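Going by this note's numbering, the sequence shown opens with residue 6, and the numbers climb by one from there. Here a beta-carbon is modelled for each residue, glycine too, at the ideal position from N, C-alpha and C. Remember, predicted model here, so these are calculated numbers, not experimental data. So the structure is just underneath, and the comments pick up after that.
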Amino acid sequence: MTTSNRRFVFRPLPGLSVAFVLSLIFLIGLGNWQLERLEWKLQIIEDMDSRLSRMPDWFPFQTEWSSSLADMEWQPVRVQGVFAHDQEVHYLSGYDHSGYLVLTPLLMTLANDLDVIVFVARGDVPKSLKEPADRPKGSQPDGVVSLVGYIRRPEKLSVLDFKEDRSSNIWFTLDLDRMVSFTELPDLPVAPFYLMAMNDADIGVTQTSAQLAKLKAEYKDASVGPWPKRRPPSLDIVNNHLDYALTWLGLALVLVVIYFAYHKAQGRIGFVEGE
Numbered sequence: 006m007t008t009s010n011r012r013f014v015f016r017p018l019p020g021l022s023v024a025f026v027l028s029l030i031f032l033i034g035l036g037n038w039q040l041e042r043l044e045w046k047l048q049i050i051e052d053m054d055s056r057l058s059r060m061p062d063w064f065p066f067q068t069e070w071s072s073s074l075a076d077m078e079w080q081p082v083r084v085q086g087v088f089a090h091d092q093e094v095h096y097l098s099g100y101d102h103s104g105y106l107v108l109t110p111l112l113m114t115l116a117n118d119l120d121v122i123v124f125v126a127r128g129d130v131p132k133s134l135k136e137p138a139d140r141p142k143g144s145q146p147d148g149v150v151s152l153v154g155y156i157r158r159p160e161k162l163s164v165l166d167f168k169e170d171r172s173s174n175i176w177f178t179l180d181l182d183r184m185v186s187f188t189e190l191p192d193l194p195v196a197p198f199y200l201m202a203m204n205d206a207d208i209g210v211t212q213t214s215a216q217l218a219k220l221k222a223e224y225k226d227a228s229v230g231p232w233p234k235r236r237p238p239s240l241d242i243v244n245n246h247l248d249y250a251l252t253w254l255g256l257a258l259v260l261v262v263i264y265f266a267y268h269k270a271q272g273r274i275g276f277v278e279g280e
């Protein structure tokens with residue numbers, strides 16, 4: 006008497022299987038990379054929240070500039086100096102690229118009588134108010150000014166970025182080294198970071214998405230001053246890494262289903278009767 010047993014059989018197609026394994030590794034790798042980016046972005050948001058909620062610190066001395074800017078970024082600092090308004094530059098940014106972020110060099114004297122320069126992002130203006138002459142009177146304060154701004158790392162021009170239009174003083178990358186080479190400033194040390202000027206009411210707080218939406222609407226209306234309009238600190242930054250990770254890992258799962266479904270349709274996987 007013989008007993009019939011069912012046994013599992015899988016005869017993979019060699020070429021298809023190699024392509025499947027390589028594709029699966031690629032998709033899972035992309036998914037894991039996005040999860041790592043998610044962790045990195047969440048750490049940035051945590052650092053932003055922690056540092057922006059602090060009270061203003063003293064402006065770092067030149068000896069501290071060589072330390073990691075990542076450890077200094079978002080920290081509010083208090084500064085005092087004189088703006089070189091004739092050397093301001095215009096970074097195409099604003100909200101929805103509908104205007105310019107005005108950056109002006111601030112000439113400072115630190116406690117040890119060392120003169121230094123730091124670029125201050127004084128705020129945004131609509132395109133119609135790019136030129137100082139078109140702005141309301143008082144938009145360029147004279148004499149010694151005091152303000153609070155939080156530290157930001159500059160960008161670096163890459164091969165994929167548009168170069169600045171120096172004839173029109175319009176910048177597409179916030180590259181401080183290139184901005185310094187464009188301006189005519191005294192031969193003084195320039196801070197390797199810039200300050201994002203803050204309103205007094207924004208010190209120690211961050212704005213919600215709803216408040217930012219209101220400000221973005223006001224920004225497009227040239228009649229709603231003052232100009233330049235300072236940006237309030239916000240934790241509302243783009244963070245789509247979880248969506249991207251789920252997309253790549255989801256595609257990996259779909260690939261697995263298709264691979265085995267195809268082998269099933271070809272009769273190359275399943276249970277067969279055996280002795």
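Three-state class that DSSP yields for residue i in the structure shown
i	result
VAL277	strand
LYS132	helix
ASN37	helix
GLY20	helix
PHE88	strand
TRP253	helix
MET60	coil
PRO137	helix
SER172	coil
ASP241	coil
PHE25	helix
VAL153	strand
VAL123	strand
LYS269	helix
VAL164	coil
PHE31	helix
ARG158	coil
LEU258	helix
ASP76	helix
GLN67	helix
SER55	helix
Buried versus exposed call for residue i [16 or more other C-beta atoms within 10 Å across all chains shown]
i	result
GLY326	It is not possible to answer for residue 326, since the shown part of the chain is limited to 6 through 280.
TRP45	exposed
GLN48	exposed
ILE30	exposed
ARG11	exposed
SER144	buried
GLY104	buried
GLY272	exposed
LYS234	buried
PRO231	exposed
ILE122	buried
ASP120	exposed
THR109	buried
Distance, residue j Cα to residue i Cα
i	j	result
PRO146	ARG127	11 Å
LEU32	TYR249	11 Å
ILE242	VAL262	36 Å
PRO191	GLU41	44 Å
VAL195	LEU134	27 Å
ASN204	ALA257	48 Å
LEU181	THR252	37 Å
ARG59	LEU21	57 Å
ASN244	TYR155	22 Å
PHE88	VAL149	8 Å
PHE276	PHE15	9 Å
ARG157	ALA270	58 Å
LEU162	PHE198	15 Å
MET201	VAL164	26 Å
PRO159	LEU179	6 Å
ALA266	PHE13	15 Å
LEU115	PHE124	15 Å
PHE167	TYR264	44 Å
HIS246	ILE50	13 Å
THR68	LYS142	38 Å
Identity of the residues DSSP links to residue i by a beta bridge
i	result
GLN48	Looking at the DSSP assignment, GLN48 forms no beta bridge with any residue, so it has no partner.
VAL107	HIS95, GLY128
MET203	VAL153
VAL195	ILE122
THR114	ASP120
LYS234	ASP129
ARG11	GLU278
PRO81	TYR155
Residue i: CB within 7 Å of a non-hydrogen atom of the ligand MN
i	result
VAL149	Looking for the ligand MN in the displayed structure turns up nothing, as the structure carries no ligands at all.
Count Cβ pairs between the region 70-85 and the region 51-60 that sit closer than 8 Å; are there 3 or more? yes
Is the region 22-40 close to the region 228-240, with three or more CB pairs under 8 Å? no
Assess, as a yes-or-no matter, whether the region 33-42 is touched by the region 183-200 under the definition of 3 or more beta carbon pairs within less than 8 Å. no
Are the region 170-182 and the region 83-95 touching by the rule of at least three beta carbon pairs closer than 8 Å? yes
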